[in-house]
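Asker: The UniProt record's numbering applies: residue 1 is where the sequence shown begins, and numbers increase by one.
The C-beta atom is built at its ideal place from N, Cα and C for all residues, glycine as well.
Source: prediction; values computed, not measured.
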Amino acid sequence: MKQLKHLNKYFYKYKWKLILGLIITIGARIFALYYVPLIGNSTNIIEDYINGEVTQISVVRNELAYNIMLIIGATLAAAFLTFLMRQTFIVVSRHIEYDLKNEVYRHYQDLSLNFYKKNRTGDLMNRISEDVTKVRMYLGPAIMYSVTTVTSTVVVLIFMIEAAPELTLYTVIPLPILSFAIYKLSVAIHKRSTVVQQYLSKLNTFTQESFSGIAVIKSYGLENQTNTNFTELSNGSRDKNIDLVKVQAFFFPLMVLLIGFSNVLVIYVGGRQYITGQIENLGVIVEFLLYVNMLTWPVASIGWVTSLVQQAAASQERINEFLQEKPEITNPKETEDEINGSIAFKNVSFTYEDTNITALKNVSFEVKSGETLAIIGKTGAGKSTILELIGRLYDVHQGKITIDDKEIHKLNLESLRKSIGYVPQDAFLFSDSIKNNIKFGKTDATDEEIYEAAKTASVHKNIVGFSKGYETVLGERGITLSGGQKQRVSIARAIIHDPKILLFDDCLSAVDTETEEEILSNLFKISKDKTTIIVSHRVSSAKNADKIIILEDGAIVQQGTHSQLINQSGYYKELYAKQLNEKEM
């Protein structure tokens with residue numbers, strides 16, 4: 001159970017509530033068992049009356065009535081304490097579930113992009129939902145019933161030994177057999193539980209990708225193939241669940257069999273002792289039968305609890321696997337840095353670990369604060385990589401990047417990223433209102449600031465044209481909007497918090513040239529005191545920049561201003577002539 005050691009800090013956090021739950025449980029079990037000696041006593045009273053040792057029926061009635069009142073009182077007390085016990089343990093388990101989900105989520109946020117490239121979204125979701133739920137069952141019901149089982153067993157054994165020590169010894173003979181059987185079944189359950197959770201992750205991943213890519217599936221007519229693939233995965237998951245259930249199914253019958261065997265021993269051995277006079281009263285045998293049967297649920301629950309613990313261990317192992325992942329990008333210091341926006345690349349080379357592709361080769365350039373740099377190049381030239389390195393989504397392998405003459409990896413990470421407004425090539429919007437999507441860049445933004453940002457991004461007119469305007473709720477990933485509208489909302493989100501550095505990654509590719517000119521004109525107005533880097537395939541997006549660099553296969557092959565580059569032979573001049581001809585046509 002070493003996987004579950006991670007949860008010890010939460011047990012310590014809620015130790016007083018758990019101790020209170022333990023005290024309440026002991027009290028509940030004592031009251032729940034208190035009626036057994038009363039029934040044994042009542043049986044002895046009736047036996048004495050039948051044997052003529054007590055002749056007055058009124059005495060029998062009074063004693064029986066007194067015992068009944070005590071039984072009712074003990075039962076009510078046990079019921080009330082059991083209610084408090086459940087409230088204590090189950091509530092604590094919900095608190096720990098909340099804490100654990102937050103811990104996992106926070107860790108997900110800290111992990112670097114490489115982690116998300118290696119792991120699928122469905123698997124990440126399964127570990128923070130299904131796996132944490134399995135752990136909660138251990139934290140709540142499993143612990144509660146474990147405490148109940150141990151408490152009931154200890155109290156019952158004390159009562160049994162006090163009543164008839166020798167008969168108690170015979171009664172507990174099946175327990176070692178039970179312990180061995182539980183151990184063997186627990187090992188099998190743990191192995192099968194791990195496989196079940198792995199299959200559940202595969203199912204979640206497949207369905208998440210299918211729903212996200214439903215437009216592609218439909219456009220290629222792959223519904224039947226997708227259904228077939230899902231059925232195969234689902235059948236595999238079903239088979240693994242059945243394998244687990246088959247093992248779990250052994251528990252309850254095994255418990256009942258052993259309890260039944262104990263009952264036989266009580267009747268046979270207890271009966272012989274009663275006949276020989278070793279046991280004086282018939283009530284002792286009645287008490288033992290009740291005790292043994294009262295152990296049925298605690299003993300039977302051992303199987304269920306063991307199953308829960310094994311499933312929780314398998315799930316916690318999967319959770320720990322991600323919690324033990326160390327973020328590649330870490331914050332070097334707590335004190336904040338003031339960022340002005342001067343950026344320099346000095347002999348920077350970078351290779352992606354997951355693909356082993358070298359995206360940048362000995363790249364050097366400088367952008368002073370307030371300047372605009374345009375980066376032009378073919379697909380795969382390394383343009384987006386430069387922006388990702390400036391945002392420190394990755395760390396460089398060779399060379400160095402400086403911001404305001406300070407090495408980027410020595411700057412406060414939060415300060416750096418707060419100073420950047422980044423618009424990725426693939427605009428991502430949340431399933432929320434357009435207003436809140438723009439406010440994502442500045443959560444306390446006023447309506448006027450939102451409108452102004454939208455006007456700068458040339459999307460205000462589109463938004464007010466919707467029936468609900470800025471309160472229009474977008475579909476998943478912003479599917480409600482067109483590609484150009486999504487890009488412009490993303491631009492508004494980037495500029496609203498007035499960052500020192502603006503990074504635009506080919507974010508005007510889905511808009512027409514007229515709208516592009518309008519947006520660029522607005523951006524140049526607001527970026528006078530900001531460092532702006534524009535990645536584009538269009539010369540029109542780059543021509544007004546202070547400096548332009550041309551990337552080819554990860555290396556800079558040309559750099560200069562628009563007027564300089566159109567007078568040089570090379571990629572920029574050819575691209576300019578080609579796009580100029582297309583515009584005239």
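Please return the same chain residues whose Cβ sits closer than 8 Å to the Cβ of Leu-200, not counting the five positions on each side in sequence.
Answerer: Asn-126, Glu-130, Ser-237
Asker: Taking the alpha carbon of Ala-74 as the reference point, which residue from Ser-58, Arg-106, Arg-86, Arg-29 has its own alpha carbon closest?
Answerer: Arg-29
Asker: According to DSSP, simplified to helix, strand and coil, what is Phe-365?
Answerer: Strand, per DSSP.
Asker: Cβ-heavy atom distance between Tyr-10 and the ligand COA below 8 Å?
Answerer: Absent from the structure shown: the ligand COA. Ligands present: none.
Asker: Distance, Cα to Cα, Ile-26 vs Pro-298?
Answerer: Cα-Cα distance, rounded: 14 Å.
Asker: Can you tell me where the beta strand (DSSP E) with Leu-4 in it begins and where it stops?
Answerer: First-last for Leu-4: undefined, no H or E at that position.
Asker: Less than 7 Å between C-beta atoms, sequence neighbours within five positions excluded: which residues of the same chain meet that for His-190?
Answerer: Gln-310, Ala-313, Ala-314
Asker: Given Val-305, which residues of its chain have a CB within under 6 Å of its CB, disregarding the five upstream and five downstream residues?
Answerer: Ala-142, Tyr-145, Ser-146
Asker: Considering only C-alpha positions, which residue in the set Arg-192, Leu-33, Leu-289, Leu-413 is nearest to Ile-329?
Answerer: If we check each option's Cα against that of Ile-329, Leu-413 comes out closest.
Asker: Kindly indicate which residue of Gly-399, Gly-483, Val-284 has the alpha-carbon position closest to the one of Ala-344.
Answerer: Gly-399
Asker: Taking the alpha carbon of Lys-333 as the point to measure from, which residue in Val-172, Ile-408, Ala-542 has its own alpha carbon closest?
Answerer: Cα-wise, what sits closest to Lys-333 is Ile-408.
Asker: Going by DSSP, name the residue or residues bridged to Tyr-422.
Answerer: Leu-503
Asker: With distances taken Cα to Cα, identify the nearest neighbour of Pro-424 among Arg-417, Glu-471, Ile-401, Gln-487.
Answerer: Gln-487
Asker: Residues in its own chain within less than 8 Å of Ala-381 by CB, not counting five upstream and five downstream?
Answerer: Leu-551, Glu-552, Asp-553, Gly-554
Asker: Could you tell me if Met-137 is buried or exposed, where buried requires 16 or more neighbouring beta carbons within 10 angstroms of its beta carbon?
Answerer: Met-137 should be labelled buried.
Asker: So what does Ile-403 bridge to, in DSSP terms?
Answerer: Ile-343, Lys-406
Asker: Hey, how far is the Cα of Leu-323 from the Cα of Lys-117?
Answerer: So the two alpha carbons sit approximately 17 Å from each other.
Asker: So what does DSSP say about Met-585, is it helix, strand or coil?
Answerer: Confidence in Met-585 is poor, its pLDDT being 49 and thus under 50, which makes the residue's placement unreliable; the coordinate value appears in the next sentence. Residue state for Met-585 is assigned as coil, using DSSP reduced to three classes.
Asker: Spell out the partners DSSP gives Gly-277 in its beta bridges.
Answerer: None, per the DSSP bridge assignment.
Asker: What span of residues does the beta strand (DSSP E) with Ala-374 cover, start to end?
Answerer: 372–377
Asker: Mapping the DSSP letters down to three states, classify Glu-414 as helix, strand or coil.
Answerer: In this structure, Glu-414 counts as helix in the three-state DSSP scheme.
Asker: On a CA-only basis, which of Leu-282, Lys-326, Asp-243 is nearest Leu-185? Give me that one, please.
Answerer: Its Cα nearest to that of Leu-185, the residue Asp-243 stands out among Leu-282, Lys-326, Asp-243.
Asker: In this structure, does DSSP put Val-348 in helix, strand or coil?
Answerer: strand
Asker: Compare the C-beta of Arg-538 against all C-beta atoms of chain B and say whether one is closer than 9 Å.
Answerer: Chain labels in this structure do not include chain B; a single protein chain is all it has.
Asker: Please look up how many angstroms separate the CB atoms of Arg-318 and Gln-208, rounded, as I've assumed it's under 8 Å.
Answerer: Not really, about 17 Å apart at Cβ, beyond 8 Å.
Asker: Short of 8 Å in beta carbon distance, which residues of its chain neighbour Leu-282, apart from the five on each side in sequence? Order them along the chain.
Answerer: Thr-43, Asn-44, Glu-47, Tyr-274
Asker: Per DSSP, what kind of secondary structure is Glu-317 in: helix, strand or coil?
Answerer: helix
Asker: Fully enclosed by the region 119–205, which alpha helix (DSSP H) runs are 4 residues long or longer?
Answerer: 121–128, 130–137, 143–163, 165–171
Asker: Report the residue from Gln-559, Asp-337, Arg-94 whose alpha carbon sits nearest the alpha carbon of Leu-416.
Answerer: Asp-337
Asker: According to DSSP, simplified to helix, strand and coil, what is Leu-38?
Answerer: helix
Asker: Distance check for Leu-474 and Gln-257, CA to CA, integer angstroms please.
Answerer: Checking the displayed sequence, the identity of residue 257 turns out to be Leu instead of Gln. Their Cα atoms are separated by approximately 59 Å.
Asker: Report all residues from its chain with a CB closer than 7 Å to the CB of Asn-241; omit the five preceding and five following residues, and keep chain order.
Answerer: Val-196
Asker: Please identify the residue among Gly-483, Glu-166, Ala-492 whose C-alpha is closest to the C-alpha of Asp-512.
Answerer: Gly-483
Asker: Looking at the unbroken alpha helix (DSSP H) that takes in Ile-72, where does it start and where does it end?
Answerer: 57–110
Asker: Okay, do the region 367–380 and the region 449–468 touch, 3+ Cβ pairs below 8 Å being the bar?
Answerer: no
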